[in-house]
Amino acid sequence: MERDPTRGRATRLRGRVRSLFETGGLGFRDLALTQVASTAADTLVAIALAGTLFFGVPTAEARGNVALYLLLTVAPFAVIGPLLGRILDRTPVATRGALVVAAIGRAVLAVLLLGRVDSLWLFPVAFGLLVLSRVHGITRNALLPLALDRPTDLVAANARLATIGVAGGAIAVPLGLLATWVGGPGGALALSALAALAAATIGRRLPEPDAPSRRIVTGGAVRLHLPRKVRTAQIATAVVRLLNGFLLLLLAFAFRESGAGVFDFGAVLAAAGGGFAIAALTTPRLERRLREEPMVVAALAVEAGAAFSAGQWFGLPAAAGLAFAAGFAWGVAKLSFDGLLQGSVPASRRGAAFTRSETVFSLAWVLGAIVPTALPLPVGLGLPLAGFAALAAQIVYVGVLLTPPEGRPSG
48 MERDPTRGRA TRLRGRVRSL FETGGLGFRD LALTQVASTA ADTLVAIALA
98 GTLFFGVPTA EARGNVALYL LLTVAPFAVI GPLLGRILDR TPVATRGALV
148 VAAIGRAVLA VLLLGRVDSL WLFPVAFGLL VLSRVHGITR NALLPLALDR
198 PTDLVAANAR LATIGVAGGA IAVPLGLLAT WVGGPGGALA LSALAALAAA
248 TIGRRLPEPD APSRRIVTGG AVRLHLPRKV RTAQIATAVV RLLNGFLLLL
298 LAFAFRESGA GVFDFGAVLA AAGGGFAIAA LTTPRLERRL REEPMVVAAL
348 AVEAGAAFSA GQWFGLPAAA GLAFAAGFAW GVAKLSFDGL LQGSVPASRR
398 GAAFTRSETV FSLAWVLGAI VPTALPLPVG LGLPLAGFAA LAAQIVYVGV
448 LLTPPEGRPS G
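Heads up: take any position in the sequence shown, counting from 1, add 47, and you land on the numbering used here.
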């Protein structure tokens with residue numbers, strides 16, 4: 048009796064999906080389902096607001112408009128950074144509650160936006176959605192080590208969550224387009240509210256950190272002291288993020304001046320997303336052979352090599368290749384840093400630590416993007432500058448890694 052090849056492929060696919068979600072235990076499965084629902088909610092909101100003033104700020108109209116967009120991008124971190132960090136630092140058991148409340152808040156805001164997409168409500172509601180989405184990302188990272196059966200598999204678990212997030216967004220796209228075609232922007236917003244409520248419901252099953260651990264207090268203020276290896280990796284990862292912002296806007300204005308269409312820049316953005324997705328798939332394999340710090344070094348090397356190469360043969364294929372390499376470098380660096388932080392910082396301090404690191408990375412991206420926005424740099428100059436910056440950061444970071452901590456002999 049011949050086996051049905053279609054049924055065999057379906058069985059293998061189900062097995063891979065089950066392994067992706069259940070490797071790590073029931074806690075990780077719940078966190079992964081929360082990630083799917085949260086990513087779907089973000090994607091559905093983006094589809095609902097496509098073409099509006101908020102999501103449709105055109106880079107070709109004026110550099111001032113791009114600067115305003117960058118300000119709006121970084122503003123959520125300025126709002127939640129001090130507040131959320133203080134809350135999670137003083138009350139770490141509130142981490143799971145913050146994730147649930149953020150999901151409920153996103154559902155409420157999506158409902159409030161129904162029928163008001165073209166009104167002034169768009170700006171404050173969209174800003175609130177950005178803020179609460181970042182709260183989810185920070186609290187999810189803080190809870191991940193507690194959700195794993197084996198907390199040592201952090202880089203692989205971060206990579207699986209990233210892959211699951213990409214899959215959740217991909218599933219939401221056709222659903223959102225269909226809902227928008229049937230019911231306009233309100234259809235996608237309604238689905239987004241349902242997805243956010245699902246994230247809140249599943250999030251209630253997640254574990255929560257224990258009571259606060261010992262802290263260093265001076266004058267009544269709580270200070271967060273990250274280990275040296277985490278601090279240096281954070282700076283190196285921030286450089287990768289800074290270069291990503293620089294390269295994205297440099298390419299955007301280069302396409303504008305060359306008269307390229309939206310399709311060309313869309314291809315570059317798709318290449319960047321593809322690079323991040325490949326990083327999520329390959330990082331666990333790299334982890335079996337490398338520690339987190341060398342993986343961050345490799346990310347800087349990839350970004351430097353891609354920038355130098357694209358500067359030699361610039362065009363759409365080179366730009367897409369550069370975007371792919373930049374997305375891959377960011378994925379490797381970010382997933383490696385997350386694993387390093389999660390494995391080095393106690394559970395009661397991870398919320399505050401992730402709040403700080405996410406704020407640093409967001410500011411780095413905006414700082415990098417502001418340079419080509421404010422200064423009309425030609426591609427022939429901007430790409431080599433990015434390559435040299437990545438190379439210099441790599442050399443400095445390697446030098447720091449080879450230097451023993453103060454007071455500890457090198458032998």
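Glycine is no exception: its CB is placed at the ideal position from the N, C-alpha and C atoms.
Annotation: the continuous alpha helix (DSSP H) that includes V158 extends over T142 to L159. In the structure shown, the three-state DSSP call for D196 is coil. Residue environment for P171: exposed (fewer than 16 other C-beta atoms within 10 angstroms of its C-beta). Around the beta carbon of R396, 16 or more other beta carbons sit within 10 angstroms, so the residue counts as buried.
Around the beta-carbon of D77, 16 or more other beta-carbon atoms lie within 10 Å, marking it buried. With 16 or more other Cβ atoms inside 10 Å of its own Cβ, L156 counts as buried.
With distances taken between CA atoms, A214 lies nearest to V83 out of A357, G415 and V83.
Sorting A327, A357, L363 and L160 by C-alpha distance to the C-alpha of W377 places A327 at the top. In this chain, the alpha helix (DSSP H) harbouring G386 covers L363 to S391. Of the other Cβ atoms in all chains shown, fewer than 16 fall within 10 Å of the Cβ of R332; this residue is therefore exposed. Secondary structure at W412: helix, using DSSP grouped into helix, strand and coil. Taking a cut-off of 8 angstroms on C-beta distances, the segment 144-154 does not touch the segment 335-352, as fewer than three cross pairs fall below it. Here T450 carries a coil assignment [DSSP, helix/strand/coil].
Beta-carbon to beta-carbon, V158 and A240 are separated by about 5 angstroms, close enough to satisfy the 8 angstroms threshold. Rounded to the nearest whole angstrom, the C-alpha separation of A367 and A436 is 20 angstroms.
Burial check for H272: the Cβ neighbour count within 10 Å stays below 16, so the residue is exposed.
Nearest to F300 by alpha-carbon distance, out of P232, P425 and L80, is P425. Contact between L238 and L146 is ruled out by a C-beta separation of about 20 angstroms, above the 8 angstroms threshold.
Taking the CA atoms as reference points, A433 sits about 42 angstroms from I249.
Residues of the same chain with a CB within less than 6 angstroms of the CB of T81, apart from the 5 flanking positions on each side, are A246, I249 and G250 in chain order.
Exposure of I442 is indicated by the presence of fewer than 16 other C-beta atoms within 10 angstroms of its C-beta. Q359 counts as exposed, since fewer than 16 other C-beta atoms from the protein chains shown sit within 10 angstroms of its C-beta. Contact check for A87 against G216 passes: the beta carbons are separated by less than 8 angstroms. Take the alpha-carbon of V418 and the one of N205: they are about 31 angstroms apart. Contact between V287 and L347 holds, since their C-beta atoms are separated by about 6 angstroms, short of 8 angstroms.
Exposure of G72 is indicated by the presence of fewer than 16 other C-beta atoms within 10 angstroms of its C-beta. By the beta-carbon neighbour count (other beta carbons within 10 angstroms, threshold 16), V413 is buried. Closest in alpha carbon position to L428, among L382, A318, V392 and L298, is L298. For R76, the enclosing alpha helix (DSSP H) begins and ends at L73 to A95.
Within the same chain, and ignoring the five residues on either side of G292 in sequence, the residues whose Cβ sits closer than 6 angstroms to its Cβ are W412, G415 and A416.
For P232, the enclosing alpha helix (DSSP H) covers residues P232 to G250. With a contact defined as Cβ atoms closer than 8 angstroms, Q281 and S404 qualify at about 6 angstroms. Between the alpha carbons of R207 and A380 lies a gap of roughly 15 angstroms. By alpha-carbon distance to G320, the top candidate from L179, L369, V344 and L363 is L369. When the beta-carbon positions are compared, A235 and A226 come within less than 8 angstroms of each other.
Apart from the 5 residues on each side of it in sequence, P431 sits with its Cβ closer than 6 angstroms to the Cβ of G358 in its chain, given in chain order.
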